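The structure appears right after this line, and notes come after that.
Protein chains: 2
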Amino acid sequence: MTTLEHAGAAPPTGVPAPAPTAEHGDPYRAFRDELFAAGLLVPTGVDGLYLRSEAFESIVRGIDAAVSKMAAVEAPTVYHFPLVVPAGLLERTDYVRSFPDLIGVLDSYAKGEAGYGDLLAAAEEGSWPQHLEHTGLGLCSAACHPLYPTLAGSEIPPAGRRFEIFGQVFRHEPSVDPARQQVFRQHEVVFVGAPADAAAHRDAWVERGLSLHRRLGLVVEAVVANDPFFGRGGRILAANQRAEALKIELVAPICSADQPTAITSANCHLDHFGTAFGLRLGDEVAHSACVGFGLERIALALLAAHGLEFSSWPASVRQELGW
Amino acid sequence: MTTLEHAGAAPPTGVPAPAPTAEHGDPYRAFRDELFAAGLLVPTGVDGLYLRSEAFESIVRGIDAAVSKMAAVEAPTVYHFPLVVPAGLLERTDYVRSFPDLIGVLDSYAKGEAGYGDLLAAAEEGSWPQHLEHTGLGLCSAACHPLYPTLAGSEIPPAGRRFEIFGQVFRHEPSVDPARQQVFRQHEVVFVGAPADAAAHRDAWVERGLSLHRRLGLVVEAVVANDPFFGRGGRILAANQRAEALKIELVAPICSADQPTAITSANCHLDHFGTAFGLRLGDEVAHSACVGFGLERIALALLAAHGLEFSSWPASVRQELGW
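Sequence lines, in order, name chains A and B. Taking this note's numbering, the leading residue of the first sequence gets -2, the next gets one more, and so forth. Taking this note's numbering, the leading residue of the second sequence gets -2, the next gets one more, and so forth.
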């Protein structure tokens, strides 16, 4: 493994999962309770898995529109990705090795009539998932990942290619922090092309992201971050990722002013995806870079900053959201 | 099990999966190839799992808006549901027993450092999914299912309650028919309340659905249908569901004029969900009913009817979609 085996468009993974403690009065649970009470999110009984209200979605739509407006100058190809992916994608992106504890793969029932009696008996006992088999499908770990196979083996033109992606992501990390959801959306802008252009794309979008978040009235800063690589070996990968400043997160307060949360992430992938998927740029391997706006987290940062009553939000923020 | 153990808002399951044959020139694969060539859908290498273009999504947004406009007269509570659900929901809705071959449950890695070496070795061989464990999460089988737990044990007011749901659904049924996707969206309008009102809701939405689809220029009719209950026992459940006309599908041509595809489904659940989730209406169990608009299928029916070039679509259709 190399230092390049990082998380792609990552969401918001560089900031350690906050462990709510009595010391600071569990602000994570407290804010989540407020969101539940206001009906903005609806509990499902599973930490990190919530139903969303129309009000919450109206914030997400506003952010989406603001990001698209900024992306339009690049005339990107626009894609919308479902949450489900071929499980092989998790292998090719190295997610199985680097983040096995966060991935999700799908099982279903495939034993036909012959095994159905056993399945029914197991259903009575709640042990039915043991009777299912791997489907060859998994869930998407970072919004831009399904893009790269579509480019596999293709020649990237010298000026590169630009994509805007509406994606969905799964991370198996139950938490009471409302900003750490197990299913969330990333709105990404991706560049594939020459190394210097990829780095420039990342840097330009750090600035654009800071500017957008500030126009939205958020107190935000850019910090060097790392993905949560698995295990002891992962600590080395994380340290290398930080040393090379490959991952920049834009962080803003959500539940805690002291521990701001990553709401947007801008990443240099170097040749990680280019090598894995055979993306050629003349005689060289194409580089890639992306910015991922974490829609649920930006919405929560706005709710934390401006309050749960939209009518009291600043006019400039409402205008930025297209309301 | 009773005759009431049916599929909720089912999509498009009553029409048997078309088995493309040389006899009719495989119109399913042919239309899918056209959609790929036009870039409306992008292949992932897995049948029934596609990336969606912005053009395709613009049709979906138009349909969503048209459905919401019709639903607005009922002043529903509006929810947006993620694809992932607690796996227990699949038990409570009886999906594990009735449609085990269609469900999806999620595994992830939970053995820590101790098992990581084995996982890495398995990753080399492609057998890594065997090293994962059930997470307690699954994928949603019908868009309205996550709604019922939120009402559990609550008293439904005499006039009932109305909901509009933007949901996502997984069905493990790979097919070359572009209308039979493994992940798709249902836009539902749900009623929970008195039995007669639930039946009236279903019937009213059959008419509204027919009207909308006809305004969209589709040749559509309403037919009694059944869900694809599993196995030999399932055939009895399906026959009972048909005999009671609990499920009405609106069908329109997509790949074949002879075998139209269900694009919208209107369902009487009777007390299935009311009993499973303790929904009370005074001293009685509340009934429920829903209509589910199959967004991908309606979009495909429009593409089949009006062609892949939007500019040539009738003005009345474009107007209905808000374009």
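Idealized CB from N, CA, C, for every residue including glycine. None of the values given here were measured: they were computed from a predicted structure.
Item, Value
"Selected residue, minimal CA-CA separation from Gly228/B, among Ala263/A, His169/A, Asn223/A, Gly109/A", "Gly109/A"
"Straight-line Cα distance separating Phe160/B from Tyr92/A", "38 Å"
"Partners in chain B for Phe167/A, counting only beta-carbon separations shorter than 7 Å", "Val81"
"Asn264/A: first and last residue of the uninterrupted alpha helix (DSSP H) it sits in", "No alpha helix (DSSP H) contains Asn264/A, which is instead part of the beta strand (DSSP E) from 258 to 267."
"Proximity test, Cβ basis, 8 Å: Gly214/B and chain A", "no"
"Burial state of Ala63/A (16 or more Cβ within 10 Å)", "buried"
"6 Å CB neighbourhood of Thr74/B in its chain, flanking five on each side removed", "Phe160"
"Cutoff 8 Å: Phe78/A Cβ touching any chain B Cβ", "yes"
"Interface flag, Glu54/B vs chain A, CB-CB below 8 Å", "yes"
"Any chain B beta carbon closer than 8 Å to Thr147/A", "yes"
"Pro126/B and Asp104/B closer than 8 Å at C-beta", "yes"
"CA-to-CA distance, Phe181/B to Gly157/B, given in whole angstroms", "28 Å"
"Pairwise C-alpha distance: Glu54/B and Pro143/A", "17 Å"
"Bounding residues of the alpha helix (DSSP H) (the contiguous stretch that carries Thr90/A)", "Where Thr90/A is concerned, there is no enclosing alpha helix (DSSP H), given that its DSSP letter is neither H nor E."
"Integer-rounded CB distance, given that Asp44/A should sit under 8 Å from Val216/A", "So it is not a contact: roughly 27 Å between Cβ atoms."
"Length of the line joining the Cα atoms of Tyr145/B and Ile245/B", "21 Å"
"Under 8 Å (Cβ pairs) to chain B, residues found in the stretch 88 to 104 of chain A", "Glu88, Val93, Arg94, Pro97, Asp98, Leu99, Ile100, Gly101, Val102, Leu103, Asp104"
"8 Å CB neighbourhood of Pro175/B in its chain, flanking five on each side removed", "Tyr25, Phe28, Arg29, Leu32, Leu38, Tyr47, Ile251, Cys252, Leu297"
"Cβ-Cβ separation, Ala286/A to Ala195/A (assumed contact under 8 Å), whole Å", "4 Å"
"Short CB-CB distance (under 8 Å) between Pro126/A and chain B", "yes"
"Within chain A, partners of His325/B - CB distance below 9 Å", "Lying before the first or after the last residue shown, residue 325/B is absent from chain B, which here runs from -2 to 320."
"Local conformation of Ala149/A per DSSP, three classes", "coil"
"Closer than 8 Å to chain A by CB, Phe274/B", "no"
"Chain B contact for Val39/A (CB, 8 Å cutoff)", "yes"
"Minimum Cβ-Cβ distance from Ala197/B to chain A less than 8 Å", "no"
"Three-state secondary structure (DSSP) of Lys108/B", "coil"
"Per-residue contacts from Gly289/A into chain B (C-beta, under 9 Å)", "None at all; the shortest Cβ gap to chain B is about 17 Å."
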